[in-house]
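Numbering that gives the first Met the number 0 numbers the first residue of the sequence shown as 0 and each following residue consecutively.
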Amino acid sequence: MDFLANRVKRLKPYTAGEQPNEDDWVKLNTNENPFEPVQAVKDTLIWFSKNLQLLRKYPHPMGEPLRSAFATQWNLPPEDVLITNGSDEALSLICRTCLNEAEAAIYPNISYSLYSTLIQSVGGTVKKAPMRNYQNYPYGVDLEALENSNAKLVFLPNPNAITGEAISCKELIQTIQKSKKLWVIDEAYADFSTESISLIPYLSTLQNVIVTRTFSKSYSLAGLRIGALLTSNKTLMQALYAIKDSYNEDVVALYCGMAALEEQTEFQKRIQFVQKERTRLKQELQKLNFIVLDSEANFYLAAAPKQSGKEFYEWLKAQKILVRYFDHLEPFVRISIGNEAENNVLLKRAKEFISP
């Protein structure tokens, strides 16, 4: 007997980055933060260990107290914020809420491949926008191609989840204000940009925009799965709340997320570290004749002078260093920015790789 929906049979699952079980790997493949969570998060976990009775009760259905804390940080009304189980749940909620069977959603051909899985999971039609030139490679986001499609929904990671390319607020807003599509701006990496590229401050004037955010990258909380969905469109938000699970975020995550927001001075120091290391790594690899593309995220694309991306990836893996290989990005691999020691190991091994 066949129990599977046809849309599920056609679905191509998302391929996650490798997660080794041993601790002796240099892991630069899934864009995790090189720092531990801030002290306020550690203190919150200790407090929870002494107040375990809180785990007996359900969490707040509206994601409090994190929802209000996040809204305050961005000067938004709390009703414009929906706390989610990671930003992936936010993306899934949008598909479930906004896409009818066979309706199309589009995203840049080189970007986060989970978009395709989520679109297909609700029976939607996947469209991929062609890319434009980006630093002499066909990896750039083409806003015009996204807008000129017949898709109902646009997914746009900014910065791009594969290349680190960032699009300015001005350019985005000019496109979105003229559009009749729903634009989902995935800002998973926006905190790492040297320029302010977030659309959150402009949401009150953009009724066809949803912004998604995550605590996995810049707040070092990938293991807790905390995200947020933001829109000023009241009709959309009401429907999204109706679709979401009744208690979609656990109480530990809600309080740890709130604690993470408290230490903004330390947060900014860590962002600056990533930005400085991003510049240093690019400069050092270029001295070895690697091609390194500009990035506004906590990773970068790098290509060896002569060898293929697959050769570089496999050689590093043999040295217990993980980076991310995508066959459609040859000769590049994507390398996350680690701590200083990890980055130095990467540079040392890169030099060995190209040596005769």
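Yeah, the Cβ is synthetic: ideal placement off N, Cα and C, and Gly gets one too. All values reported here derive from a predicted model rather than from experimental measurement.
Outcome for L229 when other beta-carbon atoms lying within 10 angstroms are tallied against a minimum of 16: Counting from 1 along the sequence shown, the entry for residue 229 is found at position 230. L229 comes out buried.
Flag this pair as yes or no: are the beta carbons of G62 and I93 separated by less than 8 Å? Along the sequence shown, one-based indexing puts residue 62 at 63. Along the sequence shown, one-based indexing puts residue 93 at 94. Not in contact: G62 and I93 (Cβ atoms no closer than 8 Å).
Considering only DSSP beta bridges, list what R212 is partnered with. Taking the first residue of the sequence shown as position 1, residue 212 is located at position 213. R212 pairs with A227.
Going by DSSP in three states, A238 sits in which element: helix, strand or coil? As a position in the sequence shown, residue 238 is number 239, starting the count at 1. If DSSP states are grouped into helix, strand and coil, A238 belongs with the helices.
DSSP state of G62, grouped into three classes? Position 63 of the sequence shown, counted from the first residue, corresponds to residue 62. Reduced to three states, the DSSP call for G62 is coil.
Whole-angstrom distance between R279 and A89, CA atom to CA atom: As a position in the sequence shown, residue 89 is number 90, starting the count at 1. As a position in the sequence shown, residue 279 is number 280, starting the count at 1. Whole-angstrom Cα-Cα distance: 34 Å.
Which ranges does the alpha helix (DSSP H) cover as unbroken runs of at least 4 residues, wholly within the stretch 0 to 45, from first to last along the chain? 5 to 8
N- and C-terminal bounds of the beta strand (DSSP E) containing K249: Residue mapping note: residue 249 aligns to position 250 of the sequence shown, counting from 1. With the sequence shown as reference, residue 249 is identified as Asp, and Lys is not the correct amino acid for it. Counting along the chain, D249 falls outside any beta strand (DSSP E), and DSSP gives it neither H nor E.
Can you say whether W182 is buried or exposed, counting buried as having 16 or more other CB atoms within 10 angstroms of its CB? The sequence position of residue 182 within the sequence shown is 183, counting from 1. Classification for W182: buried.
Please tell me whether E13 and S112 are closer than 8 Å, where the distance is taken between their beta carbons. Here residue 13 corresponds to residue number 14 of the sequence shown, with the count starting at 1. Here residue 112 corresponds to residue number 113 of the sequence shown, with the count starting at 1. The sequence shown places Tyr at residue 13, not Glu. Contact: yes.
Let me confirm a value: G222 is counted as buried when at least 16 other C-beta atoms fall within 10 Å, else exposed. Which label applies? Reading the sequence shown from its first residue, position 223 is the one you call residue 222. Exposed is the call here.
Cα-Cα separation, G356 to F298: Lying outside 0 to 355, the shown extent of the chain, residue 356 is not represented and no answer is given.
Determine the direct distance from the alpha carbon of D249 to that of Y218, and round the result to whole angstroms. Reading the sequence shown from its first residue, position 219 is the one you call residue 218. Reading the sequence shown from its first residue, position 250 is the one you call residue 249. Answer to the nearest angstrom: the Cα atoms are 17 Å apart.
Contact set for R323: own chain, Cβ-Cβ below 7 Å, skip 5 residues either direction: Taking the first residue of the sequence shown as 1, we reach residue 323 at position 324. Here the set comprises G16, N28, V332, R333.
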